[in-house]
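S.K.:
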Amino acid sequence: MAWKFVSDRPIYLQIAEHIKIDIITGVYPPGERLPSVRELAAIAAVNPNTMQRAMSELEQSGLVSAMRTTGRFVTEDKEILEKTKQALAHELAQEYLRTISRLGYTPEEAAELVLKINQ
Numbered sequence: 305m306a307w308k309f310v311s312d313r314p315i316y317l318q319i320a321e322h323i324k325i326d327i328i329t330g331v332y333p334p335g336e337r338l339p340s341v342r343e344l345a346a347i348a349a350v351n352p353n354t355m356q357r358a359m360s361e362l363e364q365s366g367l368v369s370a371m372r373t374t375g376r377f378v379t380e381d382k383e384i385l386e387k388t389k390q391a392l393a394h395e396l397a398q399e400y401l402r403t404i405s406r407l408g409y410t411p412e413e414a415a416e417l418v419l420k421i422n423q
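This is how it looks when you write it as structure tokens:
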């Protein structure tokens, strides 16, 4: 099934984020070989060049490394994995706060809402 993308951000960045989340959540565990660019492009229903650009982003971040003839692999570096997880959580929290503040909530009220929902 094709992945869903929004028009406010480049697709390759959305793909990279999607794969980051898959890595952090264990869909692709540390040290595992990722599907090929063509396979991932078919799954996401995007052009292979777009997927290649997303993979290059992941390589630059250190989350993925390319082995010349065997493909791309998820890093086994726990520090990179943890920093990526924290960065994604930070982005999501900021997005939540931006959205909830437009409704008139303060950060403190937003935190209270989360605590109440989580009980």
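In terms of our numbering, the sequence shown is residues 305 to 423. Where is the CB? At the ideal position from N, CA and C, for every residue including glycine.
Report the option in ALA415, ILE319, HIS394 and GLY335 whose CA atom is closest to the CA atom of THR374.
M.R.: Of ALA415, ILE319, HIS394 and GLY335, the residue nearest in Cα terms is GLY335.
S.K.: Residue ranges of each beta strand (DSSP E) run of no fewer than 3 residues wholly in the stretch 329-375, ordered along the chain?
M.R.: Counting only runs of 3+ residues, the beta strand (DSSP E) found wholly inside the stretch 329-375 occupies 368-371, in chain order.
S.K.: Give me, in chain order, the residues of the same chain whose beta-carbon lies closer than 7 Å to that of LEU401; leave out the 5 immediate sequence neighbours on both sides.
M.R.: PRO411 and ALA414
S.K.: Using the beta-carbon count (16 or more within 10 Å), is THR379 buried or exposed?
M.R.: buried
S.K.: Can you give me the start and stop residues for the alpha helix (DSSP H) that LYS306 sits inside?
M.R.: Checking the sequence, you will find Ala at residue 306 rather than Lys. Where ALA306 is concerned, there is no enclosing alpha helix (DSSP H), given that its DSSP letter is neither H nor E.
S.K.: Taking 8 Å as the cut-off, does the stretch 387-405 touch the stretch 345-354 (at least 3 CB pairs, one atom from each stretch)?
M.R.: no
S.K.: Rounded to the nearest angstrom, what separates ASN422 and TYR332 at their Cα positions?
M.R.: 28 Å
S.K.: Looking at VAL341: is its Cβ nearer than 7 Å to the Cβ of MET355?
M.R.: yes
S.K.: Taking the straight line between their C-alpha atoms, what separation do you get for PRO314 and LEU417?
M.R.: 32 Å
S.K.: Take ILE328 and list the residues in its own chain whose beta-carbon comes closer than 8 Å to its own, dropping the five residues that flank it on each side.
M.R.: LEU385, THR388, LYS389 and LEU392
S.K.: What are the boundary residues of the alpha helix (DSSP H) that PRO411 is part of?
M.R.: 411-422
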